[in-house]
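Here the structure is laid out as structure tokens; the discussion comes afterwards.
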Amino acid sequence: MRDKSEPVYMIRIVAKRLHVHPQTLRMYEREGFITPQRAGNQRLYSEGDVERLETILRLTREFGVNRAGVDIILRMRHRLEILQREMAEMMQALEEDTRHDFEEKIRKIFFEEAE
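Reading the sequence shown from the start, the letters are residues 2 to 116 in this note's numbering.
Listed below in structure tokens is the structure:
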């Protein structure tokens, strides 16, 4: 499975895949919505970049969201992803603590019964 952050697509490939002009991609870069990696003077996009561009295009084309709205939505989405990761980490820690406490109680029960 390929790493989604690996830069592999040139601008003309991404533009063709998304049915946009390369200038549109450059505009999104200027707006700060996307930051393709550079290999010399050439922009290289990752699969993650393409997915983000698809989201931007869906917001603008299907929902009529303007660039300021796109910026707000992308920031909120990023924050939500961070919160979801933090929540998953907290749930994992809680599960580990609960499992540890349970194992301790089981040990005490068996040791008390054995004595």
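In this text, a Cβ means the ideal position worked out from N, Cα and C, and glycines have one as well.
This one's a predicted model, so the numbers in the text were calculated from it and none came from an experiment.
Beta-carbon gap between residue i and residue j smaller than 9 Å
i: E55; j: K5; result: no
i: V71; j: L84; result: no
i: E32; j: R78; result: no
i: L26; j: A16; result: yes
i: L19; j: L58; result: yes
Original post:
Taking three-plus beta-carbon pairs below 8 Å as touching, is the segment 5-13 in contact with the segment 39-53?
Top reply: Put simply, the segment 5-13 touches the segment 39-53. At least three CB pairs are less than 8 Å apart.
**OP:** Return the chain-ordered ranges of every beta strand (DSSP E) run that is complete within the segment 6-57 and spans a minimum of 3 residues.
**Re:** 8-11, 38-40, 43-47
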